[in-house]
Amino acid sequence: MGVLLAAIPLLPAAAFALLGPMSRELRNRAKWVSIVAMSASLALAVVAFVQAWLAPAHGEGARVVFHAFAPIAPGGAFGFGLLLDPVSAVMLIVVTVVGLAVQVYSLGYMHSDERVGWYYAVLSLFSAAMLAVVLADNFLMLYMAWEVMGLCSYLLIGFWHTEEGPRKASIKAFLVTRVGDIGFALGLAAMFALTRSFAFDKVLPAATAWAPGAATLVALLLLFGAMGKSAQFPLHVWLPDAMAGPTPASALIHAATMVAAGVYLVARALPIFVASGVALSVTLLIGIVTALLGGSLALVQYDIKKVLAYSTISQLGYMFVALGTASEVAGLYHLVTHAFFKSLLFLGAGVIIHSTHTQDMREMGGLRKKMPVTTGVFTIGALALAGVFPLSGFFSKDEILASLLRGHHYAFFGFALLAALLTAFYVTRLWVRVFWGTGSDHAHEGHRVMLAPMVVLAAITLVIGFASVAFAGFLGHEVEWPEVGLAAASTFTALAGIGAGWWVYAMGKVDTAEVRERLRLLYLVLQQKYYMDRLYEAAFVKPFEKVAGAFAWFDLGVIDGAVNGAAALWVRATQLSWRFDVSVIDGGVNRLADAVVDAGERLRRLQSGSVQSYQRLVLGAVVLLLAWVMVLWPALKAVLKGA
Amino acid sequence: MKVGLDAFILLATALFSVGLFGALSKRSAIMVLMALELMANAVNILLVAASRYVTPATMDGWFFAVFSLVVSAAEIGLGLSLVLALYRKVRTAELDRLETLKG
Amino acid sequence: MSWILSAIVFLPLAGALAAAMLPKESGGAAKWLAAVVAGVDLVLVAVLVAVFDVGKGMQFVTDVVWVPQAHIRYHLAVDGISITMLALSALLSFVAVLASWKVESKPSTYFAMLLLLEVGMNGVFVALDFVLFYVFWELVLVPMYFLISMWGGPRREYASLKFFLYTLFGSVFMLVGIVALFLIKGTFDITQLASAAPALLPHQQWWLFLAFFLGFAVKVPVWPLHTWLPDAHVEAPTAGSVLLAGVLLKMGTYGFIRIALPILPDAVTKGAGTLPPWQPILVVLATISIVYGAAVAFAQTDLKKLVAYSSVSHMGFVMLGIASLTPEGINGAVAVMFSHGLVTGLLFLMVGMVYERGHTRKIEDLSGLMPQVPRIGAVFALASFASLGLPGMSGFVGEFLSLLGGWQAATAKGALFSPVWVVVSAVGVLLAAAYMLWMVQRVVLGNPSRVVGAMDDMTGRELATVLPLVALTFVVGIYWSSLLRFVDPAVRALLAPFGGA
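Protein chains in written order, with the working numbering: chain V, 647 to 1289; chain X, 3 to 105; chain H, 192 to 692.
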């Protein structure tokens, strides 16, 4: 089984390795390699799932650990190993099903793109990385695959790199998620310093014995990483921009799988969070803030993909809320249902964009007549998102609300209901603007290669809700069917949201322009995305550019200046010493000669040529000599002796 | 009054001073030569006197004096001939005009 | 088989002499000669790697008296750390010869210099006698000086002189240290110096460390002794840049690992009297190098300068790993050394290819390599991702392990420095992504600019030049043990003076 398990991520990886080095033409023709690999992965994933399901006892008993070529580094702590347990089995199914659906769908969507081969290659690499994330039996491997996913996300967001927008968005996505990844990496370091291991089965049991401070540190660092990947406040800013990529890629990466990896990470590391306690509260807080923030921002978007992007942010926040109550089941369950219905919505949006050639909802309308199939499946997805019985979203959301009540987080329960209300409202707004009324007359139904995957996803969304109890049991938890009271409350909230949306947008009972005018300030804040992009621009990006420039100036001007200055000083010193050499040492010699000449000049004047003057000189000399010999010298001697 | 060494020294000094003055101040080469002879003879007197009073037993001073007289005679002969030769060449015996040694 | 090390070191010398004696008109003979010599040398190193016994310490020892009067010995051997560096040196030398295929001015001198450079580089990594080490160390300067000053860019004279004087400045201090050690201990043998009596006093250790620090830190280069590097890199010919960044910088960090740490352990961890221990100083300088190098790289407009400053940043991770004094950290340091050799070599090769075709390195003049010349663009992008530390490629291994070691050292009991420095270093990983992606966005992606529009894609020879590096980048990045199984035992042996951490 181990080898087959390893084949699940390796097959798409092989597809990438095969497609990557090909020439463009060849690659475009060989894109089916990717689909074949993905299908095989799906088949194997099903086998793995069944095996896990049939394992003697659910939960702990269903673990298969397979060490591929571990360890990858000496010391034993660094290794690649695969772990098949109920959580990874479920995730495998989600990733492979959505992955294959998106790849099939892309046959139609990316049909005419001249770099479709590369697109498939990257999708394959992404699938491999995501599958490695969910199969990893240790945090290090999870992190490595996690980063590779980030690369794929970058490549797909910037797929149309000859345009400025996608290029910028791709960098932003990579960098913002990498901010989180720094936390993740440091979390790994902290974890390693504590246990000298990354393996789930070593770290997680040990976490309970850590000092609360240490556990909190590790948990918060990991949470920071998860926040980057899962677009949680305040690192959510990259996700809306990421919509610059091809829509099916958004469906796979930025709705269903990669952005949910953060949730998966926190769910995996939940024992550390529980050991900390504080970290749970932080997770809960981040989750609820994100849920409300995403929901409120989705209200004012006109770009259909951006509405869905903010909705994703909001729903991911919901999952974090669940994890914040230490309810792994609720978080993961919402992850699963959300993966299906949100990718469904994105694929639907793709069909719509394809057929209307616009992403602006104001230019759409009345599509329900032109595109009946799309309308049908999109509506299923939308209702699931809004949390309407009996669709999957209802069950998973209910689970989260129940977990809040169980944890006595009543205020958060209220906020969560508010977020649900917002969700129902903006979903209705979207649905009405796109499908109701009139507008896009030239629209046409999508190709069946695009519709088929959507229908499959819609079918899953329809039925999967009823698996909630089985799902929880599979994960080793006891979960009741929704309580009637709670179900009523959440259903009422969803219906209220839908009703309000319908009332405002479909029936036109409220003049939205007037509301905008009345709440101008609020609208402005929402439209400016709470000014967070601008804040980051002003607080981080621009200052960094300035600092970089300043450092470069400092480097050239000061450090190198000092070096050059020292060199110049040295040159100057050598010049000075040269000058000293010339002027003092060598000059001394010359000056002596000059002095001799000069003295000679002066002395020659003595030589009048007159013999008598010479005689006078001689006389003077003799007198002096006599004076010295007879007076001065004896006097000196006397003085010296006397002293 | 007894004539002692002091008297001779005084005489020699006076004679030397006269000679020196003449040698330094006279413009004519002849006069300068004569003055030189005065100075030389002042030295001769001193030699003889010193010999007589200081070392009476020996005659060293006398020999020096005689030697010096011979040399002086030759010297004067040479000097006069030089002056004559010079006079023939530059038509003067005035020392002020003779500056060819000037550096 | 102890002859093999001598053969590896001196075969290029024979090649250099032969190349230098080739007549000027011999045309392509010099490059073929150099390629064969460097190739055979690489094969010898490969053989060495194959027969190397990971479990044993120093191997293939040659230890004979060289200058008996001065106790100087001809002592060569390799352990797991030297062998990785030796392999890097031989590989990059071969790649450098291939990358110089189109050198037309005085080819025989040029290739003689390249081979002479290889002698010095190989020698430094296998010499275990201090004098021998120093000879090889200085031998490297000469050919590199000529490579820059004769085949370099417009400011080559300034750059070559700066490079020469700066590194000479550092090595003079090292020489003082070597002599001082000899006077105290009476031996030049690097392996014996650590254990030979008399034990060094704390102050002696501290000041000796300072001397060696100056010698090695200039070479690494550690901030703020780094400014020779951008100039030398930018002006050097492509092969020169590859070897400079790929191998020469590692000589400095190798010196720290091989010499400064084992011989002067107390200077690092204990200091002397009021003089602080060196560990926190090294950590702080490493952190500054990382962040500062990355920030300055971000502000560059010249491709080569950007890569050059990225080297400052990456070498900071090496220093961090070394300073951590943990097995993980030093394993990471060696891994970064190896990986940086591959990746930065690759980046310089790519910049060289672009420059050869477009005669510009200005980032603003270049864009759209990917659509116009997909192979160049792809390898360029690949190298950039490796450089920014993407897991699965070699850059990640070392940087991650260095951070791991740094954190461990910072949070251990009685740690000498704060984990904050490690956090700041980790931010360097983000900054690396920023400048690399910024560069990729401008140069590799987008629509082809005028200059790029006239380019042709990689030739077969160029592909052969880069492929080994690309392949190794992945091998090391995915299966770390391919590299670390050599390094780890040697690192643990080295750390014995620090209480066998």
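Think of the CB as a built atom: it goes at the ideal place given N, C-alpha and C, for glycine as much as any other residue.
Go to residue i, then tell me how far its alpha helix (DSSP H) extends in each direction, as first and last residue.
{"i": "L422 (chain H)", "result": "Note that residue 422 (chain H) is Asp in the sequence shown here, rather than Leu. Segment 419-426, the alpha helix (DSSP H) holding D422 (chain H)."}
{"i": "Y956 (chain V)", "result": "950-970"}
{"i": "H266 (chain H)", "result": "Not the alpha helix (DSSP H): H266 (chain H) falls in the beta strand (DSSP E), residues 263-269."}
{"i": "T862 (chain V)", "result": "858-875"}
{"i": "R29 (chain X)", "result": "Taken as a continuous stretch (DSSP letters only), R29 (chain X) belongs to no alpha helix (DSSP H), as it is neither H nor E."}
{"i": "H505 (chain H)", "result": "494-515"}
{"i": "N522 (chain H)", "result": "518-549"}
{"i": "Y1260 (chain V)", "result": "1257-1272"}
{"i": "V667 (chain H)", "result": "651-669"}
{"i": "A698 (chain V)", "result": "678-700"}
{"i": "K1192 (chain V)", "result": "1188-1200"}
So, under 8 Å CB-CB, residue i and residue j are touching, yes? Tell me the CB distance rounded to an integer number of Å.
{"i": "S502 (chain H)", "j": "L420 (chain H)", "result": "7 Å"}
{"i": "T444 (chain H)", "j": "M510 (chain H)", "result": "7 Å"}
{"i": "S362 (chain H)", "j": "E309 (chain H)", "result": "So it is not a contact: roughly 19 Å between Cβ atoms."}
{"i": "L434 (chain H)", "j": "L283 (chain H)", "result": "6 Å"}
{"i": "L538 (chain H)", "j": "Y626 (chain H)", "result": "At roughly 12 Å, the Cβ-Cβ gap does not stay under 8 Å, so L538 (chain H) and Y626 (chain H) are not in contact."}
{"i": "G596 (chain H)", "j": "E547 (chain H)", "result": "That pair is no contact at about 40 Å."}
{"i": "V1080 (chain V)", "j": "G1011 (chain V)", "result": "7 Å"}
{"i": "A1146 (chain V)", "j": "F1071 (chain V)", "result": "6 Å"}
{"i": "K951 (chain V)", "j": "W884 (chain V)", "result": "About 14 Å; that fails the 8 Å criterion."}
{"i": "T535 (chain H)", "j": "A436 (chain H)", "result": "4 Å"}
Do residue j and residue i have their beta-carbon atoms positioned less than 8 Å apart in this structure?
{"i": "T650 (chain H)", "j": "L533 (chain H)", "result": "no"}
{"i": "I272 (chain H)", "j": "I448 (chain H)", "result": "yes"}
{"i": "I918 (chain V)", "j": "A985 (chain V)", "result": "no"}
{"i": "V750 (chain V)", "j": "N674 (chain V)", "result": "no"}
{"i": "V744 (chain V)", "j": "P894 (chain V)", "result": "no"}
{"i": "F1059 (chain V)", "j": "L1067 (chain V)", "result": "no"}
{"i": "S296 (chain H)", "j": "W223 (chain H)", "result": "no"}
{"i": "V411 (chain H)", "j": "M506 (chain H)", "result": "yes"}
{"i": "S640 (chain H)", "j": "G559 (chain H)", "result": "yes"}
{"i": "V1073 (chain V)", "j": "L1031 (chain V)", "result": "yes"}
{"i": "L978 (chain V)", "j": "I998 (chain V)", "result": "no"}
Going along chain X, which residues have a C-beta under 7 Å from residue i?
{"i": "R1225 (chain V)", "result": "Simply none; closest approach about 37 Å."}
{"i": "R1262 (chain V)", "result": "L26"}
How would you list, in chain order, the residues of chain V whose beta-carbon sits under 9 Å from the beta-carbon of residue i?
{"i": "A87 (chain X)", "result": "Within 9 Å Cβ-Cβ: nothing; A87 (chain X) doesn't reach chain V, min ~16 Å."}
{"i": "L435 (chain H)", "result": "Under the 9 Å cutoff, chain V gives no residues; its nearest Cβ is about 17 Å from L435 (chain H)."}
{"i": "L595 (chain H)", "result": "A831, L834, A835, F838, A839"}
{"i": "G632 (chain H)", "result": "The sequence given here has Gln at residue 632 (chain H), not Gly. What Q632 (chain H) touches in chain V: G804, H807, R813, K814, S816, I817."}
Name the chain V residues whose beta carbon is nearer than 8 Å to that of residue i?
{"i": "T602 (chain H)", "result": "A836, A839"}
{"i": "Q599 (chain H)", "result": "A835, F838, A839"}
{"i": "F576 (chain H)", "result": "L797"}
Return the first residue and the last residue of the beta strand (DSSP E) that residue i is part of.
{"i": "G727 (chain V)", "result": "727-730"}
{"i": "F251 (chain H)", "result": "250-258"}
Residues of chain H with CB under 9 Å from residue i, in chain order?
{"i": "V794 (chain V)", "result": "L581, P582, G583"}
{"i": "I828 (chain V)", "result": "V614, A617, V618, V620, L621"}
Using a Cβ cut-off of 7 Å, pull out every chain V residue sitting near residue i, in sequence order please.
{"i": "Y483 (chain H)", "result": "F1197"}
{"i": "P415 (chain H)", "result": "I1205"}
{"i": "F489 (chain H)", "result": "A1194"}
Name the chain H residues whose beta carbon is nearer than 7 Å to that of residue i?
{"i": "V1193 (chain V)", "result": "A486"}
{"i": "R824 (chain V)", "result": "L621, A624"}
{"i": "D1201 (chain V)", "result": "T418, V487"}
Interface residues of chain H around residue i at Cβ under 8 Å?
{"i": "T808 (chain V)", "result": "G559, P562, L636, G637, N638"}
Is the beta carbon of residue i within less than 7 Å of some heavy atom of the ligand NAD?
{"i": "G648 (chain V)", "result": "The model on display carries no ligand, and the ligand NAD is accordingly not part of it."}
Checklist entry - Unbroken alpha helix (DSSP H) runs of length 4 or more, entirely within the region 581-640 of chain H: which are they? => result DSSP runs (the alpha helix (DSSP H)) wholly in the region 581-640 of chain H: 585-602, 610-630.
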